[in-house]
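Residue numbers (our numbering): 6 to 637.
Ideal Cβ placement from N, Cα and C applies to all residues, glycine included.
Here the structure is a predicted model, which is why all the values come from computation and not from measurement.
Worksheet: one structure, shown below.
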C-alpha cells in the first residue's frame, strides 16, 4: 500500500473509532502513546477524544497549536469540527461562556468560507449551546437546519447527531412521546452506522427518560436502570453519574430511602468530577434535595437547594435555573417568597419553552404551589403523580400502590415523613423516614394485637388480654406465654424495626414517635394521631391515571445471628446472652455482624429497661440477662 493510502486508511480508522465512542482508546494510542496522528484531518477526533474524557485544557491546547499554523484556513472543516467538539464538551461541563466563544468563532468562520459540512457543525453547535442554556425552541430550530445540511453534505454521522439533539429537545419541551420516538430513530441510525458507543449512550438516555417520565414504572424501572448501569464503561463517568442520579430517585419513590441515600453518598465521593463540572454538581444537589424531601420533609432540602442556587447563579443555564427554582418553592414556607419564585418560573417558561405540569394545568387559587416538582413535564405520568401527591391527595393512594411507588404513600396521605405502622386490609405497611416496606397476609390476630397497642400509651398484660382475646381474668402462668408469642410474632414481622414494640413494666407499648394508621380497602385513612388522640377518618377514592442540611442522621440496626433467624431484631442480643452467657459489647457486635457503636446503643436501651444488666467497668464491662428479660 502506498504511504498516502496507508495514512488515509489509518485516518479513517481513527474517525470510525471516534464515531464509535472509543475516546479513551484514541487518547491512549495517539495522545499518550507512541502513535502520533499525522494528518490534519485527524485533528477533530483527537481534540474531541481529549475533551470527552475530561481533559479539556489539553484539548484546548492541542487545538490552539494546530490553529496557529498558517497553512490551515480559518473556515477549514477540520477546524470547525474541532471547535464544535470543544464547544459540546464545554457545554456538558457547564463552562458555557467558553462554549459560546467557540460557537461564535465557528459561526464567523463558516459564514465566510464554509461549505455544507462546516455549516452543519455550526448549526449543530448552536443547537447544543441553546439546549444547554435552556433556550429549547431555538435549539429545536437549529437542530432541524443542521439535519438539512447533514443531508446536503452526505454526512450520516451528522444526521445521527441532529436527530439525537432534536429528540432530547422535544422531551424537555414536553412532547415526551415524540422526543422518545426521535431518540429511538437516532438509536437505529447509530446501529446502522456501527456507532457502538453512541448507540449505548442512547440506550442510557432512553432508559433514564422512560423511568423519569413513568413510561416504565416501579421495580421494572429500577431493574432496567441497574442493567444499564452494569453496561457502562469504566471511563464513562457521565453516563454512570446520570444513571446513578435517576436510580436514587426511583429507589426513593419505591420506598427505599436508605438505598437511595447510599447511592448519592457514593456518587458524591467517587463519581463527581473534581473542579469544573458545575452542571454535574447541581444535578447531584437537586437529587439530594429530592430524596431528602421524601425522607425528612421540606426543611431538610434547604442546604442542598442553597448550594445549588449559589452554583447556578453564575451560569446562563435556564433549564438548571428552572429546576433549582422548583426545588426552592418546595423548600420554603414563606408565602411572599413562593410568589416571587412563581413569577420567576413563569418568566423562565416564556423564555425557554420548558414545560411543567403546573404550567400546563394553570394555577388555581385552591392549588398550592407545593405541587411543583423538579422534573414534572407534560406527558410525564410519574411527575404528574408526584405533583398531585405533594398536594396531599388520599384518593391517589390506590394509584401509588398499583405503580409500586410506596415512597409516595405518606405524601399523598398528607403525612410528614416519620415512623408509622399502617394497616391496609391484610397488609402491614411500615414507614420509617422514606423507608416503606410492606408485609403481606398479616393474620387477624396480629392486626388485632397491633390495634390494641395503638394510641401511644402503655398497655398492661391484663388490658391486652381483654382487648385482643376477650379474656377478663388474667393468670400469668396461663396467659403470659400467649402474650409473649404474639409480641414475638409482631416483632418478627417488623424485622429490623421490631424494637418499635417496647416492653415496659407489666405490659407493652409502641415506641415513642411511632403512630398507628388504619387504611381501608378504598384507602380511606385515619390521620396519624398524637399519643392518646382519637383517629379522624378521611374519605378516599380511586386514583385517575396521571403521569426529592446536613446528611440525614443514620439509624443503627441489629440483625439476628443466623442461628436465631426467627428471633426478632430487638431480642437478638437477649437470645445470644441467654444461650451463651455474659459477653462484652465487642463480642456481641462480632457475633451479630454489626459495629460496636450500634451494639452499644442497643445495649443501653436494654439496660435502661432492665432486660440486660451491666457489670464491671471499662474494658472489663460485661452484659448478661437482666431481671426483666422475660418481658422481652
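Between residue 104 and residue 48, the gap from beta carbon to beta carbon reaches 9 Å or more. For residue 158, no alpha helix (DSSP H) run applies, since DSSP gives it neither H nor E. With fewer than 16 other beta carbons inside 10 angstroms of its own, residue 38 counts as exposed.
For residue 620, there is no enclosing alpha helix (DSSP H); the residue is found in the beta strand (DSSP E) stretching over 617 to 620. The closest CA to that of residue 444, considering only 344, 578, 411, 468, is found on 411. Between the C-alpha atoms of residue 202 and residue 607 there is a straight-line separation of about 51 Å. Counting only residues of its own chain and dropping the five nearest sequence neighbours on each side, residue 50 has a CB closer than 7 Å to the CB of 19, 20, 23, 31. Separation of residue 317 and residue 241 (C-alpha to C-alpha, rounded to the nearest whole angstrom) is 24 Å. For residue 419, there is no enclosing alpha helix (DSSP H), since its DSSP letter is neither H nor E.
The region 248 to 300 is shown to contain whole alpha helix (DSSP H) runs of 4 or more residues at 262 to 271, in chain order.
For residue 139, the three-state secondary structure derived from DSSP is coil. Taking 9 Å as the cut-off, the beta carbon of residue 164 is found closer than this to the beta carbon of residue 156. DSSP lists 513 as the bridge partner or partners of residue 464. Comparing C-alpha distances from residue 53 to each of 66, 46, 94 shows the shortest one belongs to 94. Bridge pairing for residue 507: 514 [DSSP].
The beta carbon of residue 464 sits closer than 7 Å to those of 457, 458, 512, 513, 514, all from its chain and outside the five residues before and after it, given in chain order.
Nearest to residue 605 by alpha-carbon distance, out of 350, 627, 159, 46, is 627. Contact between residue 422 and residue 302 holds: CB atoms are separated by about 5 Å, below the 8 Å threshold. Here DSSP, grouped into helix, strand and coil, assigns residue 198 to coil. The region 249 to 263 makes contact with the region 401 to 417: 3 or more CB pairs, one atom from each, lie closer than 8 Å. Using a Cβ distance threshold of 9 Å, residue 137 and residue 97 count as a contacting pair.
For the set 274, 310, 305, the Cα lying nearest the Cα of residue 288 is the one of 310. Look at residue 442 here: in three-state DSSP terms it is strand. In the three-state DSSP reduction, residue 478 falls in the coil class, being neither helix nor strand. When the Cα atoms are used, residue 152 and residue 336 turn out to be separated by approximately 42 Å. Taking 9 Å as the cut-off, the beta carbon of residue 59 is found no closer than this to the beta carbon of residue 92. Cβ atoms of residue 277 and residue 284 stay farther apart than 8 Å, at about 11 Å. Residue 621 and residue 214 have their C-alpha atoms roughly 60 Å apart. The closest CA to that of residue 170, considering only 182, 144, 455, 616, is found on 144. Pairing residue 500 with residue 442 gives a Cβ-Cβ distance under 9 Å. Residue pairing of residue 630 in beta bridges, as defined by DSSP: 617. For residue 230, DSSP records no beta bridge to any residue. From the listed residues 385, 230, 300, the smallest Cα separation to residue 212 is found for 230.
Rounded to whole angstroms, the gap between the alpha carbons of residue 176 and residue 239 is 28 Å. With 16 or more neighbouring CB atoms inside 10 Å of its own CB, residue 427 falls in the buried class. Per DSSP, the unbroken alpha helix (DSSP H) holding residue 452 starts and ends at 449 to 458.
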